[in-house]
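Residue numbers (UniProt numbering), protein chains in the order written: chain P, 1 to 360; chain E, 1 to 360; chain G, 1 to 360; chain X, 1 to 360.
Heads up, the beta-carbon is just placed ideally off N, CA and C, and yes, glycines get one too.
Structure first, commentary second.
Protein chains: 4
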Amino acid sequence: MPFTIGETALSGFAWACILIHMTVRVAVAGASGYAGGEVLRLLLSHPGVEIGALTAGGNAGARLGQLQPHLLPLADRVLAETSAETLAGHDVVFLALPHGHSAAVAAQLGPDTVVIDCGADHRLTDAADWERWYGSPHAGHWPYGLPELPNGREKLKGTKRVAVPGCYPTVSSLALAPAVEHGLIADEVVVVAVSGTSGAGKSLKTNLLGSEVMGSLSAYGVGGTHRHTPEIIQNLSAIAGRRINVSFTPVLAPLPRGILATCTAPIVGEGNVREIYERAYANEPFVHLLPQDQWPTTAAVLGSNAVQLQVTVDEDLRRLVVVAAIDNLTKGTAGAAVQSMNIALGLPETAGLSTVGVAP
Amino acid sequence: MPFTIGETALSGFAWACILIHMTVRVAVAGASGYAGGEVLRLLLSHPGVEIGALTAGGNAGARLGQLQPHLLPLADRVLAETSAETLAGHDVVFLALPHGHSAAVAAQLGPDTVVIDCGADHRLTDAADWERWYGSPHAGHWPYGLPELPNGREKLKGTKRVAVPGCYPTVSSLALAPAVEHGLIADEVVVVAVSGTSGAGKSLKTNLLGSEVMGSLSAYGVGGTHRHTPEIIQNLSAIAGRRINVSFTPVLAPLPRGILATCTAPIVGEGNVREIYERAYANEPFVHLLPQDQWPTTAAVLGSNAVQLQVTVDEDLRRLVVVAAIDNLTKGTAGAAVQSMNIALGLPETAGLSTVGVAP
Amino acid sequence: MPFTIGETALSGFAWACILIHMTVRVAVAGASGYAGGEVLRLLLSHPGVEIGALTAGGNAGARLGQLQPHLLPLADRVLAETSAETLAGHDVVFLALPHGHSAAVAAQLGPDTVVIDCGADHRLTDAADWERWYGSPHAGHWPYGLPELPNGREKLKGTKRVAVPGCYPTVSSLALAPAVEHGLIADEVVVVAVSGTSGAGKSLKTNLLGSEVMGSLSAYGVGGTHRHTPEIIQNLSAIAGRRINVSFTPVLAPLPRGILATCTAPIVGEGNVREIYERAYANEPFVHLLPQDQWPTTAAVLGSNAVQLQVTVDEDLRRLVVVAAIDNLTKGTAGAAVQSMNIALGLPETAGLSTVGVAP
Amino acid sequence: MPFTIGETALSGFAWACILIHMTVRVAVAGASGYAGGEVLRLLLSHPGVEIGALTAGGNAGARLGQLQPHLLPLADRVLAETSAETLAGHDVVFLALPHGHSAAVAAQLGPDTVVIDCGADHRLTDAADWERWYGSPHAGHWPYGLPELPNGREKLKGTKRVAVPGCYPTVSSLALAPAVEHGLIADEVVVVAVSGTSGAGKSLKTNLLGSEVMGSLSAYGVGGTHRHTPEIIQNLSAIAGRRINVSFTPVLAPLPRGILATCTAPIVGEGNVREIYERAYANEPFVHLLPQDQWPTTAAVLGSNAVQLQVTVDEDLRRLVVVAAIDNLTKGTAGAAVQSMNIALGLPETAGLSTVGVAP
């Protein structure tokens with residue numbers, strides 16, 4: 001386990017030197033999927049991590065290189081079966097499993113292991129909510145891996161369990177949190193979020209085939225039926241101290257990665273919108289309010305942990321409109337997971353993470 | 001000029017036989033752009049049309065085959081200069097010109113020529129609106145080429161002038177018209193419409209380069225600043241008989257064609273939503289409410305004049321959500337133009353138009 | 001069965017009038033796949049065809065609208081089980097089945113039914129070739145549906161059986177046939193053909209997922225192992241009267257439709273290359289040699305039955321380079337099938353087919 | 001200037017600690033383009049570099065954040081005019097300028113500055129070749145930045161001038177070098193390389209618009225007319241010690257980044273192909289021969305400096321077929337530039353570079 005150096009002013013690679021002889025040993029369960037692959041991509045450039053066991057379900061026994069050919073340094077690793085035995089003996093275990101599988105695995109890992117669940121199982125605080133939306137018994141809730149929410153960072157320090165947020169809740173909550181916190185907007189917001197296809201995972205479904213996806217746009221989970229809806233509501237309501245309703249519609253677009261969320265609500269409070277957002281995120285390493293003439297693009301955050309956002313007011317309607325972009329696999333999943341691990345362990349929060357996108 | 005046969009029950013190609021010796025002579029101004037090219041693509045399969053002069057601005061003198069290589073039967077046509085002389089002597093003139101150029105050209109064409117303006121110049125009824133949004137003097141308004149709006153078809157019969165709707169107003173207005181007409185929704189609606197890049201035309205702008213567009217999503221004209229906003233408001237307010245506010249945000253996605261609009265508003269009236277929509281479009285040849293379990297995709301309407309839509313109610317919020325898909329170049333521009341021409345001339349409304357998309 | 005009107009000079013829709021009261025009744029087996037869907041798309045605009053039974057394997061019982069939402073006029077059709085009973089009583093049956101399934105079905109259809117096999121089963125003339133490449137007993141060979149090959153059209157007139165060519169053999173053979181026929185090139189040619197994903201069908205394979213395909217290029221069937229290799233060799237060798245070797249490599253690219261083939265071989269014979277190609281295709285309705293300054297794009301042939309090609313000579317190497325573009329689903333599959341049907345039945349060859357692409 | 005530590009066995013971030021207090025000061029001319037942007041993206045994760053002046057031509061005066069929004073840490077930098085003054089005082093200057101501009105700038109920078117030219121000006125050794133292909137006087141040739149070629153690394157050590165290879169020559173030369181070196185193949189090879197659009201730069205050309213590019217494939221520079229042809233020939237001929245002819249055809253495909261090259265030639269020599277390739281690249285950090293059952297994809301090298309390749313023999317034809325994938329902006333341009341800088345300065349060759357791609 002590493003020595004905690006806190007959030008020192010060390011910039012660039014200075015902390016790399018300090019960490020170099022103390023590495024966290026990490027396992028990844030579900031290493032053959034998109035979320036697991038992205039966790040590994042980030043860990044490969046993390047200076048304080050040693051990558052241990054990699055496990056899978058149906059793909060156990062395969063070389064990682066065949067399933068994740070972009071992870072060249074790990075190409076010869078062979079995937080083990082996901083089990084308590086293979087995951088034992090690590091400081092940190094990332095779970096990138098289908099919904100409903102995390103609790104059982106976590107229970108076997110012991111209380112000293114840091115367990116970071118990229119799935120949905122421990123996100124919702126309300127058991128009834130969980131049962132309504134997922135149709136199974138609630139596994140309980142864990143500290144929520146979105147440190148940029150009000151008091152979000154505190155809950156993660158020293159924790160042994162992290163529930164990584166959903167990708168849509170991440171971008172929507174960060175887009176609206178400052179407005180909600182300052183009582184700026186009414187209780188009913190509308191979010192339409194356009195996403196690349198990797199959010200749906202490596203599932204073999206006809207509607208996810210390249211031939212179907214390219215050249216097409218489609219909505220799904222319309223009418224408040226997408227499972228990320230209660231999670232967005234939970235986040236915003238917690239900030240507001242009252243119920244915030246959210247009309248949420250996800251749209252699938254022909255790109256592998258990226259979410260662009262358009263979030264709008266009537267303005268009911270006072271205050272300079274831009275100042276409120278500037279203040280809210282002034283010290284955040286990953287959330288960037290763009291200069292006034294510039295709008296976010298998902299290409300600019302590809303592979304990066306950054307959130308790029310812009311706010312404006314539709315003066316005719318007195319409505320707030322916030323547009324925010326993330327990479328659904330990075331800040332939307334694996335980046336948040338690594339960021340949360342860093343906070344939980346007392347590592348520099350940005351270790352292994354970047355605000356530089358791969359564009360064009 | 002053709003003999004009017006009205007909307008007879010002739011199915012298939014029966015009317016083709018009747019029309020075969022009476023053809024409408026058509027010119028297209030702006031034949032080198034995307035809208036002009038799509039008008040030509042449709043006219044090439046129109047049984048009652050003879051394609052006359054093709055004109056352009058900077059591209060005058062070029063072979064059409066070099067600029068529109070998909071229009072093989074017209075490849076050897078040479079583009080003439082857009083002028084009153086080259087456009088004279090046609091029964092119908094399609095104007096696919098930059099905004100602000102149509103009125104001057106139309107004035108020279110004489111009152112007996114059917115002039116169909118694919119540009120914005122004659123869409124807005126209110127001169128002050130026009131001046132606010134386009135910053136130039138109002139050229140007046142012409143009958144609006146969206147026959148599926150309440151009483152929309154009547155205004156087009158026999159007209160010599162047509163203002164072809166904007167692509168976003170087409171899909172948004174058709175998505176919401178039945179709800180507005182039946183007093184179903186509140187006065188403030190939110191529309192987020194995701195579009196392919198051809199809606200921006202063949203403009204040489206960095207943000208429209210393939211390298212910038214592919215793999216990226218971006219919003220533009222945010223905060224009620226897109227010029228299609230007043231046109232949507234105009235359409236819905238005319239139906240309602242009162243002001244309907246619209247929060248409109250367009251999003252650019254990596255595909256050449258297609259718009260998917262998500263339209264939502266609080267429900268305030270009574271009535272079975274599905275029945276209202278079924279009735280509204282039961283007899284429309286191009287607007288299709290999908291079966292209840294199916295959501296629209298833009299791929300399904302590629303190159304077709306169809307609108308595919310689906311409605312639902314978010315019961316938690318009592319909000320209406322309508323999702324509608326069109327091809328922005330077909331039903332969103334050139335298809336509406338041809339459809340309007342057909343109505344204006346008394347030809348079968350569907351001549352030269354299809355409800356069959358090119359997928360996958 | 002229609003009255004044969006031959007290839008008269010009737011242009012436009014004239015023949016539609018003649019055909020209007022005599023329709024060919026057509027069934028499509030495999031209507032839920034990409035090839036079957038494209039056959040239906042084309043038949044929907046064919047003036048002399050009535051669409052009868054639509055059948056499927058695993059999708060039998062489903063509404064076509066759910067599986068092929070772009071075929072709106074057929075949306076309410078229900079797919080029947082593929083069987084001799086459901087396919088009986090039609091003048092023409094299109095088979096769009098997995099390889100190996102056609103012969104058994106065809107055997108049950110009777111000798112008077114025109115059977116058009118979009119699969120590979122009856123393409124190869126040599127039984128040993130078939131067994132080597134497909135690993136099953138040879139079902140025999142049928143007249144080959146590529147009328148633009150030397151004497152190709154003759155073999156199709158009046159036939160009751162058609163083997164529709166593979167998509168890569170179509171574009172490669174047409175690109176090289178004139179050069180081979182005139183003894184222009186050496187016996188070893190290299191073809192690298194880049195294809196969209198629909199050529200792989202609606203198969204649920206990880207490497208065909210949108211997330212995998214978009215933003216990626218990959219080769220497959222490298223080293224002469226793709227099953228279309230012997231078919232290209234067969235076509236070119238038949239023209240040459242001697243064995244022509246072909247090094248063939250297919251590449252998968254992120255677009256749904258289209259193949260662009262680059263075909264090159266050392267020049268060994270005499271003759272003006274351009275003149276040879278001009279003469280070869282001067283009277284072909286679907287094969288277009290582009291003007292000298294223009295190169296083919298697949299976008300220009302999207303949804304069209306056209307082949308666009310260009311030839312040049314690398315003077316430093318005295319090599320011929322031909323680049324040709326088709327839509328793999330149209331001229332590469334379903335367009336060739338309909339074209340062959342037209343010839344077989346004595347209908348106008350271009351009925352239901354277009355040389356107009358859907359671009360951009 | 002850094003202390004040379006050679007190619008020590010220090011793995012991970014160990015050398016970062018050594019370099020941390022001695023940074024190379026670097027300027028980038030042409031920072032607003034794709035090549036310049038990619039150089040900066042890589043430098044931002046290079047532990048031994050301090051980013052100094054950023055210059056541009058027409059974009060001088062602009063914030064970098066507006067032009068390269070993915071380079072968040074540099075967003076507030078303002079672009080200076082490209083001039084000897086602004087570029088003075090740096091240890092290393094990267095030139096990412098249009099062809100023909102590098103020599104004049106380099107001449108003003110003094111012999112002690114390491115100048116790394118991402119353009120073509122100093123790639124060709126033969127003045128007549130240069131004049132034939134580029135139509136201007138030859139500026140001379142510089143050490144060639146492809147260390148993986150035979151003796152390639154030696155030429156770069158300690159050099160003050162580097163000519164960064166073209167993207168197509170990089171992938172083609174690495175794909176064929178081992179075969180040429182071992183006399184395995186005949187003197188005439190065929191290369192067909194499919195590329196993403198960023199290779200064409202941020203040029204405002206109609207054929208590079210997203211609407212034109214998406215859904216389309218096209219060839220260009222066909223018939224041996226692409227300017228990278230003589231560079232490939234130069235590389236292979238230098239290895240062979242005799243003239244190697246290359247038939248080269250580039251194809252444009254709808255993705256922003258990535259080149260997949262298919263390279264084929266008749267086998268004339270003896271030797272185990274796989275062993276030859278294995279040995280050739282066994283110790284190369286960036287060139288990876290894949291396991292026998294696996295073929296390269298460009299997605300796997302997105303943003304990485306890796307080359308993934310696979311070799312096979314078409315036994316029917318006794319032809320070698322090599323397929324290789326790179327990211328044209330990384331290994332194809334900016335990665336090679338940084339790698340060459342590292343070698344020239346005696347830094348660890350892999351500093352700032354990765355073999356991990358961003359997928360899916």
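{"Check": "Below-8 Å beta-carbon distance, residue 240(G) vs any chain X residue", "Outcome": "no"}
{"Check": "Reduced DSSP category for residue 360(P) - H, G, I as helix; E, B as strand; rest coil", "Outcome": "coil"}
{"Check": "Short CB-CB distance (under 8 Å) between residue 204(G) and chain P", "Outcome": "yes"}
{"Check": "Residue 233(X), enclosing alpha helix (DSSP H) - first and last residue", "Outcome": "229–240"}
{"Check": "Top-ranked residue by Cα proximity to residue 87(X), from 355(X), 31(X), 250(X), 238(X)", "Outcome": "31(X)"}
{"Check": "Meets three-Cβ-pair contact criterion under 8 Å: the stretch 191–208 of chain P and the stretch 283–291 of chain E", "Outcome": "no"}
{"Check": "Extent of the continuous beta strand (DSSP E) run through residue 266(P)", "Outcome": "259–266"}
{"Check": "Alpha helix (DSSP H) segment containing residue 333(G), residue limits", "Outcome": "Residue 333(G) -> no alpha helix (DSSP H), and no H or E assigned at all."}
{"Check": "Euclidean distance between Cα positions of residue 57(P) and residue 302(E)", "Outcome": "39 Å"}
{"Check": "Short-range partners of chain G found in the stretch 253–267 of chain P, where Cβ spacing is below 7 Å", "Outcome": "254, 255, 256"}
{"Check": "Selection of the stretch 186–199 of chain X by Cβ proximity to chain E, strictly under 8 Å", "Outcome": "196, 197, 198"}
{"Check": "Sheet register partners of residue 25(E) (DSSP bridge)", "Outcome": "50(E)"}
{"Check": "Short CB-CB distance (under 8 Å) between residue 42(E) and chain X", "Outcome": "no"}
{"Check": "Beta-carbon proximity check, residue 141(E) vs residue 163(E), cutoff 8 Å", "Outcome": "yes"}
{"Check": "Amino acids of chain P, ordered along the chain, whose beta-carbon sits closer than 9 Å to that of residue 212(E)", "Outcome": "297, 299, 359, 360"}
{"Check": "CB contact below 8 Å: residue 218(E) versus chain P", "Outcome": "yes"}
{"Check": "Contact belief for residue 74(X) with residue 67(X) at Cβ below 8 Å, rounded distance in angstroms", "Outcome": "That pair is no contact at about 10 Å."}
{"Check": "Per-residue burial, residue 123(E) [other beta carbons within 10 Å of its own, 16 or more giving buried]", "Outcome": "buried"}
{"Check": "Residue 13(E) at chain G interface by Cβ criterion, 8 Å", "Outcome": "A caution first: residue 13(E) carries a pLDDT of 47, below 50, which makes its placement in the model unreliable, though a value can still be read off. Yes - at least one Cβ of chain G is within 8 Å of the one on residue 13(E)."}
{"Check": "Reduced DSSP category for residue 289(X) - H, G, I as helix; E, B as strand; rest coil", "Outcome": "strand"}
{"Check": "Own chain partners of residue 280(X) with C-beta closer than 6 Å, once the 5 adjacent residues on each side are dropped", "Outcome": "178"}
{"Check": "Close Cβ partners of residue 353(E) (< 7 Å) along its chain, the five nearest in sequence each way excluded", "Outcome": "42, 305, 335, 338, 339"}
{"Check": "Exposed unless 16 or more other CB atoms sit within 10 angstroms - verdict on residue 157(E)", "Outcome": "exposed"}
{"Check": "Per DSSP, the bridge partner or partners of residue 56(P)", "Outcome": "81(P)"}
{"Check": "Residues that residue 209(X) contacts on chain E, provided the C-beta gap is smaller than 7 Å", "Outcome": "202, 208, 209, 210"}
{"Check": "Listed by chain order, chain E residues near residue 215(X) by CB distance under 7 Å", "Outcome": "256"}
{"Check": "Cut-off 7 Å between Cβ atoms - residues of its own chain near residue 33(G), not counting five sequence neighbours on either side", "Outcome": "96, 201, 202"}
{"Check": "Beta carbon proximity, residue 66(P) to chain X, threshold 8 Å", "Outcome": "yes"}
{"Check": "C-beta neighbour in chain G for residue 126(X), strict 8 Å", "Outcome": "no"}
{"Check": "The beta strand (DSSP E) enclosing residue 72(G), as first and last residue numbers", "Outcome": "Counting along the chain, residue 72(G) falls outside any beta strand (DSSP E), and DSSP gives it neither H nor E."}
{"Check": "Residue 364(P) versus residue 244(P): straight-line alpha-carbon distance, rounded", "Outcome": "Any question about residue 364(P) goes unanswered here, given that chain P covers just 1 to 360."}
{"Check": "Distance CB(residue 263(E))-CB(residue 191(E)) smaller than 8 Å", "Outcome": "yes"}
{"Check": "Contacts of residue 281(E) in chain X (Cβ-Cβ under 9 Å)", "Outcome": "The contacting residues do not exist; residue 281(E) stays about 30 Å from chain X at best."}
{"Check": "Closest residue to residue 129(G) among 62(G), 168(G), 233(G), 29(G) (Cα-Cα distance)", "Outcome": "233(G)"}
{"Check": "Residues sharing a beta bridge with residue 185(E), DSSP", "Outcome": "267(E)"}
{"Check": "Chain-ordered residues of the UniProt domain \"Semialdehyde dehydrogenase NAD-binding\" (25–157) of chain E with a beta carbon less than 9 Å from chain X", "Outcome": "34, 67"}
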